[in-house]
Amino acid sequence: MAGRYQDKPVLVTAAAAGIGAATAEAFAREGARLMLSDINVAGGEAMVEKLRAAGTEAHFLRADCTSEEEVQALVSKTVETLGGIKVAANIVGDVVGDAYGPEFHAQTTAGWDGTIAVSLKSTYLCMKHEIAHMIEHGGGAIVNVTSLAALLYVPESGAAYAAAKAGVVQLTKFAALNYAERGVRVNCIAPGVTPTAAYFKGGEEMGNMVINRLLEGHAIKRLIDPSEQAAAMLWLCSDDAAMVTGHILPVDGGWTAR
Ligand SMILES: NC(=O)c1ccc[n+]([C@@H]2O[C@H](COP(=O)([O-])OP(=O)(O)OC[C@H]3O[C@@H](n4cnc5c(N)ncnc54)[C@H](O)[C@@H]3O)[C@@H](O)[C@H]2O)c1
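Residues in the sequence shown are numbered from 126 upward in steps of one, following my numbering.
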């Protein structure tokens, strides 16, 4: 049986690991033709190998999504390679430098700048160039990734990340409304605690401590698998969600229902 994305050209950023890799795999299972991107070349190429071995058309291009030049080149190369872009999953986001924790008066402005660039500017740049293509070629669907930290006070995440991800929420709504009549839908997921390498940059002990603390927020008392974030993104970009735009979908075990 053909999948929801049979032969559709799909771009996935941050596809080398974590939620991005799970999203690439989910699109592949539903028949998409894929361009994967990341700054992690070894991880991105390994994903392409894995998907090709399972019969998927998959390509990789390294792009740092904080660079307009590189995002523009990524979008152009995707259009050239896949013949267009019908769906884009803009997944890049992170905390940079010392911008962790609530005490931002004591953090460097470099950490703020880096976090805003990777978690907000990257989404803006990807949308800018994807939308420019989509409005000229019959529309498309975009999904962004915000965070619970945009919707609630999550001290561990830091002020820069919270502010950046709140920016992603408003950017999603703004784009959804502005481009609705030109055939582009734009939505967003807000993940709850989904263990990936991002939690373990400060070591295993620290990562587990943060995960267990945050898990207290989930009403459904378990961690979330990256594939569960991917499933929500695939629904939002599918024809099943044809009348859904500007929506922020928490995949958070009920945290934001409190
Ligand atoms: N994991 C969670 O619990 C959680 C919760 C809320 C939001 N999020 C968001 O989900 C998204 C994915 O996070 P994850 O947990 O899978 O992280 P991850 O660290 O597992 O993967 C992130 C990927 O992004 C790539 N990347 C980083 N900077 C990049 C850049 N400038 N350009 C291109 N690629 C870049 C990395 O190389 C890596 O492969 C992020 O936007 C994150 O903020 C995650």
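Just so you know, even glycine gets a beta-carbon here, dropped at the ideal spot from N, CA and C.
Open item on the list: Which of the three DSSP states is assigned to serine 363 in this structure?
Closed with: coil
Task: aspartate 365 classed as buried or exposed, judged by whether at least 16 other C-beta atoms fall within 10 angstroms - done: exposed
TODO: Assuming isoleucine 164 contacts arginine 187 (C-beta within less than 8 Å), just tell me the rounded distance between them.
DONE: Right, the Cβ-Cβ distance comes to about 6 Å (below 8 Å), so this counts as a contact.
- [ ] May I ask you to report which of helix, strand or coil DSSP gives histidine 372?
- [x] coil
Task: Residues sharing a beta bridge with alanine 315, DSSP - done: Beta-bridge pairing links alanine 315 to Pro375.
Task: Check whether alanine 315 and valine 268 have beta carbons under 8 Å apart - done: no
Open item on the list: Less than 8 Å between C-beta atoms, sequence neighbours within five positions excluded: which residues of the same chain meet that for isoleucine 260?
Closed with: Tyr304, Arg307, Gly308, Val309
- [ ] Measure the alpha-carbon distance for tyrosine 342 versus tryptophan 380 and round it to whole angstroms.
- [x] A small fix is needed here, since residue 342 is glycine in this sequence, not tyrosine. Going from the Cα of glycine 342 to the Cα of tryptophan 380 covers about 5 Å.
Open item on the list: Among Leu136, Ala153, Val217, Ala147, whose alpha-carbon lies nearest the alpha-carbon of glycine 128?
Closed with: Ala153
Open item on the list: Does methionine 358 pass the burial test, meaning 16 or more other C-beta atoms within 10 Å, or should it be called exposed?
Closed with: Counting every other CB atom within 10 Å of its CB across the protein chains shown gives methionine 358 a total of 16 or more, marking it as buried.
Task: Rounded C-alpha distance that separates proline 134 from leucine 159 - done: 6 Å
Open item on the list: Check this for me: beta carbons of alanine 382 and tyrosine 286, under 8 Å apart or not?
Closed with: No, the Cβ-Cβ distance between alanine 382 and tyrosine 286 is not below 8 Å.
Task: the stretch 171-182 touching the stretch 135-150, judged by at least three CB pairs closer than 8 Å - done: Judged by Cβ distances under 8 Å, the stretch 171-182 makes contact with the stretch 135-150, as three or more pairs qualify.
TODO: Under 8 Å by Cβ, that's how I've got glycine 378 and isoleucine 336 pegged, so tell me the actual separation to the nearest angstrom.
DONE: Approximately 13 Å separates the beta-carbon atoms of glycine 378 and isoleucine 336; this is outside 8 Å, ruling out the contact.
Task: Reduced DSSP category for aspartate 189 - H, G, I as helix; E, B as strand; rest coil - done: coil
Open item on the list: When you compare the stretch 292-299 with the stretch 234-254, are there three or more beta-carbon pairs, one atom per stretch, that lie closer than 8 Å?
Closed with: yes
- [ ] Return the chain-ordered list of same chain residues with a C-beta closer than 7 Å to the C-beta of leucine 199, the five sequence neighbours on each side being excluded.
- [x] Ser162, Leu186, Ala188
Task: Coil, strand or helix - arginine 383 by DSSP - done: Here DSSP, grouped into helix, strand and coil, assigns arginine 383 to coil.
- [ ] Give the single residue among Lys202, Val166, Ala157 whose Cα lies nearest to the Cα of glycine 180.
- [x] Ala157
TODO: Would you check whether ligand 1 has a heavy atom nearer than 7 Å to the C-beta of threonine 319?
DONE: yes
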